[in-house]
Amino acid sequence: MDKPASVPDRFDAVVVGAGFSGLYMLYRLRQLGLSVKVFDSAGDVGGTWYWNRYPGARCDIPTTDYTYSFDPELEKEWTWSEKYATQPEILDYLRFVADRHGLRSDIEFSTTVTSARWDEPGKQWRITTGGGREVRCRYYIMATGCLSMPKSPDIDGAGRFAGQVYFTSRWPHEGADLTGQRVAVIGTGSSGIQSIPLIARQARQLTVFQRTANFSIPAHNGPPPAGRLQQLDGDRDAYRHAARWSRGGVPLEPTDVLGVTASEAVRRERFEAAWEQGELFGILNVFADQGVNPPSNDIVAEMIREKIRAAVEDPETAEALCPKDHYFGTKRPCLDTGYFETYNLPHVRLVDLRKQPIVSITEDGIETADESFGFDAIVYATGFDAMTGALVGADVAGRDGVSLREKWAAGPSTYLGLMTAGFPNFFMLTGPGSPSVLSNMTVSIEQHVDWVARCLEDLRDEGLETIEPTAQAEAGWDQHVQDCGAITLYPTANSWYMGANVPGKPRVFLPYIGGVDAYRQACDEVATRDYLGFRMTGPGGTRCRDGVVRSMQPDVAMVMEFVNALGLPPMETLSAADARALMTATAENRPPGPEVGKVTDGVIPGPDGDLPYRLYRPAGPFEGPRPLVVYFHGGGWVLGNLDSDDPLCRDLCARSGAVVVSVNYRHAPEVRFPAAALDAFAAVQWADANAIELGGIPGQLAVAGWSAGANVAAVACQLARDAGGPHITGQLLLCPAVDSDLTRPSYEENGDGYILTTALMRWFWDHYADPADRGDPRAAPLRGDLAGLPPACIVAADFDPLRDEGVAYARALEAAGVPVRLARARGHTHTSVTMVDVVISGAPVRAEMAAALGDFFPAAEPPAHVS
Ligand code: N01
């Protein structure tokens, strides 16, 4: 019997989009036995490949990789004709997949979803389509793609042009015949760069309006690479597995060659090989550090510019085509076929909008600041409101009626790029915060779809009805996504990755750059840890294991992984001499730290003989006196010397503009407590007495130290107060050891696996002080009288066993009336902040330390700039 028209259809799941992700989602949901409806405003399957039909449209990942892997039979039945297939061939492929699996019967084409509302009492979504029809579903899945919402042409007068107007992203299905016409192309991203050579073949006159010159490398298209086919034919499963666990979704051996240290010959060889290969991941992998280190990036960028200059005959045009305003890779590089050579054709002209901006589009052409151009056709290759445009444009409102647009007004916020709090049972495929556009999309799509399918299956098995991330888990993931971006050069560019191409869009790094492999691991971990960070509800109540899946800084995690893989013996199992040798050996190849003005070594008289010191004077024109910082190295009173903390001292000196005097103190077990503390106090007295000779400003003397060095610095402050001088203006304590009680929770939480272990801390104490002495404030300054001590800055690192005692010292100082700045080294370990130029995320912490020093010395000269 027919249902009355007023009763809405109900499905287990509604999917929006019938491109790569929507089709596979439908396939997987059907496998679970769920009822599904897919809506797409297009007339057929294909998603991005349905719309982007401009001449020259191809994928930019080799098509052998840009393909589904879920159906081994499909892989056998379909062969790609080219290394980079054309849009019609990719569209044919998707049609073939849809037919092969009979997917069309659950897809409604030419149907736009206009709104979606979460119905809390009904625990369902109410979806409205263009015709005003309502359907209901338990799960609402947006498979709307990352580059599907065209950016409106934000150019004055755009509506006035009387000639033909084309958008690369909405190219007419019947094609566009530009033969003999005067054509303008605006935009030189991938779409422009792919279409310009082909448009030039038809047009009588082609004028390209370029706002930003873009990096592009030749695709060297042709048959699929033989080597790749051999690998696939040899062991397809192994190849696909390697892709799933690679950084970008295409198997690739990451290089460890650093651009800055490689020889000229190696640089050239690696670059030329990547150039010849013509693959994005290859040219992004010339050097391990090109994505994070400007000088290394410049090497690759300059080599590409050389190629552009060689390809383009007119030097002025060549120079205008050379990208200079962004680091290579930070805007998506393009793959082209004859793009730069096109400008050698007599009827093709480049207009550099940086020199003559467009004033307006007129009825018959384009007016720039300098010229009026007449055209028959204008092609907009101006890009997309990427990653969020299609999602917020779809009018989705979650619990309490809050829309996604409202929630994301300051930038998207997601958990794993898959879901967002306040929107139960709402999934995004390749959403912001997932690797998506930085990866081979098909691999990322399959991973997302598989994760969602597994999640829905688990919910069903457990009798649960809804799932939604917690605020804590989501905030943690957002932070992790930004942390991963922040250690790269990507946020420096005005790219669509940053939302910078759309006027008014919040500037946020949108994709997850930690890698497909790391991302997959995080998603799997969340699921296996009982959906960590998700709240699930069902008739039996609510289930939630709240938490943050990744909170360590990504570069710290990489260092930890590297160190743990070395399999070094635990230090506490070594003799002091062997531990010292190991520490020296591991520091051998580290970067030296920033340049400073002058470094001099000397000795000072200690309580029992001379103590070596090293003085760092900042660079810069100012020759006059500077504030003075007496610094004490870390190493558990057993290890360390002037060299061990040299990069950190340089960094502190360069950032703060102070003279830093690093003093070596006597070490245990040769000389035990209280020698180190007494040496530190003596060093401070000496520095105060010799401030002028050291280039210091009398009366502007601070102490600083790391770990055990921070311990003796803190003790020196107490001894100075008790002795009535010298006057210390501030104490900067990085991850200080301030108590001998090793039972605080951080000793348990962070006791193993982060270099400084609880066992090693015990070993240090055993070497340094007898148990009977460990309550003495000169060993455990937390136990001393804290009144009247100098203002303090204490840095406590999240993954440090000593974290809680640092925090306790800050609280105790505060309680005693001492001004305290407690800085959290978020996501750091006991050692990572000191790893100058290795752990990039440590730089902001050290900047805060330098700022704290600046606060101790209000009259200090402005420091030399250190990034
Ligand atoms: O868009 P884009 P796209 N006045 O944003 C310019 C994927 N894709 O469609 O850089 C003047 O990259 C804009 O200038 P600027 C791929 O991921 C893949 O080309 O903002 N100019 C820029 O030059 C790609 O990255 C494939 O200063 C204006 C251009 O228009 C992504 O889609 C093929 C302007 C837009 O470039 C987007 O590529 C195609 C204005 N008002 C696309 N507004 C392959 O698989 C914008 N521009 C190969």
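Going from the sequence shown to the numbering used here is simple: count from 1 and add 885.
Glycine is no exception: its CB is placed at the ideal position from the N, C-alpha and C atoms.
With a threshold of 6 Å on Cβ separation, who are the neighbours of residue i within its own chain once the five nearest residues in sequence on each side are excluded?
i	result
M1443	none
Y1024	A898, N1310
V1281	A1001, L1289
D1722	P1476
P1748	Bear in mind that the predicted position of P1748 carries a pLDDT of just 48, short of 50, making it too unreliable to give a figure here.
G1074	G1268
H1652	V1523, A1553, P1554
N1754	The displayed coordinates of the chain run from 886 to 1752. Any statement about residue 1754 would go beyond what the structure contains.
I'd like the list of long-range same chain contacts for residue i, defined as Cβ closer than 7 Å, with 5 residues on each side in sequence excluded.
i	result
W1293	T1273, V1277
P1479	R1535, D1536, A1539, V1751
F1741	A1587, T1614, G1615, P1676
R1339	A1412
F896	S920, V921, K922, V1020, C1022
A1732	R1540
A1672	A1701, G1702
I1372	V1177, P1439, D1440, I1725, S1726
K888	For K888, the predicted model reports a pLDDT of 47, less than 50, meaning its position is unreliable; a value from the coordinates is still stated below. Answer for K888: no residue qualifies.
M1250	Note on identity: in this sequence residue 1250 is Gly, with Met being the wrong assignment. Within the same chain, G1250 has close Cβ partners S1257, F1258, G1259, F1260.
N1106	E967, K968, Y969, T1222
G1065	R1089
M886	Its pLDDT being 39, under 50, M886 is placed unreliably by the model, and the measurement read from it follows with that caveat. Cβ neighbours of M886 beyond the five flanking positions: none.
T1253	V1236, Q1241, P1242, I1243, V1244
Q972	W934, N937, R938, A942, R943
R1557	Y1653, A1654
Consider the C-beta atom of residue i and the heavy atoms of the ligand N01; say whether any pair is separated by less than 7 Å.
i	result
R1392	no
Q1367	no
V1322	yes
S1329	no
R1420	no
W1381	yes
S1076	yes
N1106	no
F1269	yes
N1229	no
N1325	no
R1795	Since the first residue of the chain shown is 886 and the last is 1752, residue 1795 is not available in this structure.
R943	yes
G931	no
A1162	Checking the sequence shown, residue 1162 turns out to be Gln, not Ala. No, since every heavy atom of the ligand N01 falls outside the 7 Å radius drawn around the Cβ of Q1162.
R1055	no
F1566	no
Excluding the 5 residues flanking residue i on each side, which residues of the same chain have their C-beta closer than 8 Å to its C-beta?
i	result
L1579	L1500, L1513, V1544, V1546, A1572
G1660	S1625, R1668
G1307	G1283, R1284, D1285, V1287, K1292, E1353
One question on the structure: do residue i and residue j come within less than 8 Å of each other, judged by their Cβ atoms?
i	j	result
D1041	I992	no
G1521	S1592	yes
P1662	Q1603	yes
V1481	R1502	yes
G1302	G1283	no
P1611	D1689	no
A949	W965	Checking the displayed sequence, the identity of residue 949 turns out to be Thr instead of Ala. Yes, the pair counts as a contact, with Cβ atoms nearer than the cut-off.
R1132	V1401	yes
N1596	P1559	no
P1391	G1296	yes
E1331	S954	yes
L1617	A1470	no
N1170	L1374	no
R1045	E1198	no
T1227	P1082	yes
F981	D929	no
L908	L979	yes
M1027	L1206	no
Spell out whether any CB of chain C is found under 8 Å from the CB atom of residue i.
i	result
I1613	Chain labels in this structure do not include chain C; a single protein chain is all it has.
Q: Mind the definition here: the segment 1715-1731 touches the segment 1631-1643 only if three or more C-beta pairs lie below 8 Å; say whether that holds.
A: yes
(Q) Measuring CB atoms only, is the segment 1310-1323 touching the segment 1433-1443, in the sense that at least three cross pairs come out at less than 8 Å? (A) no
Q. How do the segment 1039-1057 and the segment 931-938 stand: do at least 3 beta-carbon pairs fall below 8 Å, yes or no?
A. yes
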